[in-house]
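Asks:
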Amino acid sequence: MADNVSDNDVFMMFLAAPLALPVVAPLVFSSWDEGREWMIDRGFIASADDAVWEVPGWDGAGISGAHVVLLVCLVLFVLALGSILARRNRNRKIDTEGWGTS
1 MADNVSDNDV
11 FMMFLAAPLA
21 LPVVAPLVFS
31 SWDEGREWMI
41 DRGFIASADD
51 AVWEVPGWDG
61 AGISGAHVVL
71 LVCLVLFVLA
81 LGSILARRNR
91 NRKIDTEGWG
101 TS
């Protein structure tokens, strides 16, 4: 890896990979019946029997307790990523040479 990649960046890459598919797949395949069954079989979304919250249009399928934990992890990931980007941008100096002159 490049020398300018910090340990925090590598850690965030490893966190992003397992979080991306379970979050994106239900959004993409929710209107496709076979896709919905495929996601229920693999645990991306909860079946009608296991759902804590039913999602409209998913025929009783929805979100289970594990999905709530996943969403909390996603929120923590976004907060951590934002803090990394804010810290990185804080070190950059703004070039103000020539401002205010006509």
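With full-length UniProt numbering, letter number 93 in the sequence shown gets 93, and the count goes up by one each step, no holes.
Every residue, glycine too, gets a C-beta built ideally from N, C-alpha and C.
1. Span of the alpha helix (DSSP H) holding Ile-40?
2. Okay, do the segment 59 to 73 and the segment 37 to 49 touch, 3+ Cβ pairs below 8 Å being the bar?
3. Return the CA-CA distance between Leu-15 and Glu-37, expressed in angstroms with no decimal places.
4. How about Leu-70: is its Cβ closer than 8 Å to a heavy atom in the ligand NAD?
5. Secondary structure at Ala-46, three-state DSSP: helix, strand or coil?
6. Which of helix, strand or coil does DSSP assign to Gly-82?
Replies: Short version:
1. Counting along the chain, the alpha helix (DSSP H) containing Ile-40 begins and ends at 33 to 42.
2. yes
3. 27 Å
4. You won't find the ligand NAD in this model; it holds no ligand whatsoever.
5. strand
6. helix
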